[in-house]
Amino acid sequence: MKTAISIPDQLFNEAEVTAKQLGLARSQLYVKAIKEFIEHHNKDRITEKLNDIYSVQNDDNDLSNIGVEQLRKATENDTW
6 MKTAISIPDQ LFNEAEVTAK QLGLARSQLY VKAIKEFIEH HNKDRITEKL
56 NDIYSVQNDD NDLSNIGVEQ LRKATENDTW
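Adding 5 to a residue's 1-based position in the sequence shown gives its number in the numbering used here.
This is the structure in C-alpha coordinates:
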(Lines of atoms letter the chains of each structure in order from A and count residues from 1; the text may use other names and numbers.)
(Lines give C-alpha, C1' and ligand atoms only; values in the text may rest on other atoms or scores of the structure.)
Protein backbone atom coordinates (compact mmCIF):
# COMPACT_ATOMS: atom_id res chain seq x y z
CA MET A 1 0.00 0.00 0.00
CA LYS A 2 1.25 3.44 -0.80
CA THR A 3 0.99 6.25 1.70
CA ALA A 4 2.24 9.79 2.04
CA ILE A 5 3.70 11.12 5.28
CA SER A 6 5.33 14.35 6.38
CA ILE A 7 8.55 14.18 8.38
CA PRO A 8 11.09 16.82 9.37
CA ASP A 9 13.80 17.51 6.79
CA GLN A 10 16.60 16.46 9.14
CA LEU A 11 14.95 13.09 9.84
CA PHE A 12 14.40 12.54 6.13
CA ASN A 13 18.07 13.25 5.41
CA GLU A 14 19.20 10.90 8.16
CA ALA A 15 16.88 8.21 6.81
CA GLU A 16 18.32 8.66 3.32
CA VAL A 17 21.87 8.24 4.59
CA THR A 18 20.92 5.23 6.72
CA ALA A 19 19.08 3.54 3.85
CA LYS A 20 22.10 3.98 1.59
CA GLN A 21 24.47 2.64 4.26
CA LEU A 22 22.27 -0.44 4.71
CA GLY A 23 21.71 -0.92 0.98
CA LEU A 24 17.95 -0.52 1.35
CA ALA A 25 15.39 1.41 -0.58
CA ARG A 26 13.88 4.24 1.44
CA SER A 27 10.51 2.47 1.67
CA GLN A 28 12.20 -0.70 2.94
CA LEU A 29 13.89 1.30 5.68
CA TYR A 30 10.56 2.83 6.74
CA VAL A 31 8.86 -0.58 6.77
CA LYS A 32 11.64 -2.03 8.96
CA ALA A 33 11.47 0.95 11.31
CA ILE A 34 7.70 0.72 11.72
CA LYS A 35 7.84 -3.05 12.31
CA GLU A 36 10.49 -2.66 15.00
CA PHE A 37 8.54 0.16 16.65
CA ILE A 38 5.35 -1.92 16.77
CA GLU A 39 7.18 -5.01 18.08
CA HIS A 40 8.84 -2.95 20.80
CA HIS A 41 5.54 -1.48 21.97
CA ASN A 42 3.73 -4.83 21.85
CA LYS A 43 6.40 -6.25 24.16
CA ASP A 44 5.97 -3.27 26.48
CA ARG A 45 2.21 -3.92 26.71
CA ILE A 46 2.73 -7.59 27.50
CA THR A 47 5.26 -6.77 30.20
CA GLU A 48 2.94 -4.12 31.64
CA LYS A 49 0.02 -6.56 31.79
CA LEU A 50 2.14 -9.25 33.41
CA ASN A 51 3.43 -6.74 35.94
CA ASP A 52 -0.17 -5.83 36.76
CA ILE A 53 -1.07 -9.48 37.27
CA TYR A 54 1.91 -10.22 39.47
CA SER A 55 1.48 -7.06 41.52
CA VAL A 56 -1.94 -8.20 42.73
CA GLN A 57 -1.57 -9.47 46.27
CA ASN A 58 -3.70 -12.41 47.26
CA ASP A 59 -4.46 -13.54 50.80
CA ASP A 60 -1.32 -15.57 51.34
CA ASN A 61 0.98 -13.56 48.99
CA ASP A 62 1.58 -16.74 46.98
CA LEU A 63 1.95 -15.95 43.28
CA SER A 64 1.47 -19.61 42.40
CA ASN A 65 -2.28 -19.05 42.79
CA ILE A 66 -2.35 -16.84 39.70
CA GLY A 67 -4.08 -18.94 37.10
CA VAL A 68 -3.55 -19.49 33.42
CA GLU A 69 -6.99 -18.03 32.75
CA GLN A 70 -5.93 -14.72 34.32
CA LEU A 71 -2.84 -14.65 32.12
CA ARG A 72 -4.91 -15.46 29.03
CA LYS A 73 -7.43 -12.74 29.85
CA ALA A 74 -4.70 -10.15 30.41
CA THR A 75 -3.02 -10.90 27.09
CA GLU A 76 -6.05 -11.83 24.96
CA ASN A 77 -5.63 -8.91 22.55
CA ASP A 78 -1.87 -9.16 22.18
CA THR A 79 -0.15 -10.55 19.14
CA TRP A 80 2.93 -12.58 19.81
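Ideal Cβ positions, reconstructed from N, Cα and C, are used throughout, including at glycine. Only a predicted model underlies this, so the values are computations on that prediction, with no experimental measurement involved.
Three-state secondary structure assigned by DSSP to residue i
| i | result |
| --- | --- |
| Ser32 | helix |
| Asn9 | Residue identity differs from the one stated: residue 9 is Ala in this sequence, not Asn. The answer is coil: DSSP assigns Ala9 none of H, G, I, E or B. |
| Thr52 | helix |
| Asn82 | coil |
Within 9 Å, strictly: CB atoms of residue i and residue j
| i | j | result |
| --- | --- | --- |
| Asp83 | Lys40 | no |
| Ile58 | Gln75 | yes |
| Ala20 | Ile10 | no |
| Leu34 | Leu27 | yes |
| Ala30 | Ala38 | no |
Given residue i as reference, the closest of the options once Cα atoms are compared
| i | options | result |
| --- | --- | --- |
| Lys7 | Lys48, Ser32 and Glu44 | Ser32 |
| Asn56 | Asp14, His46 and Ala79 | Ala79 |
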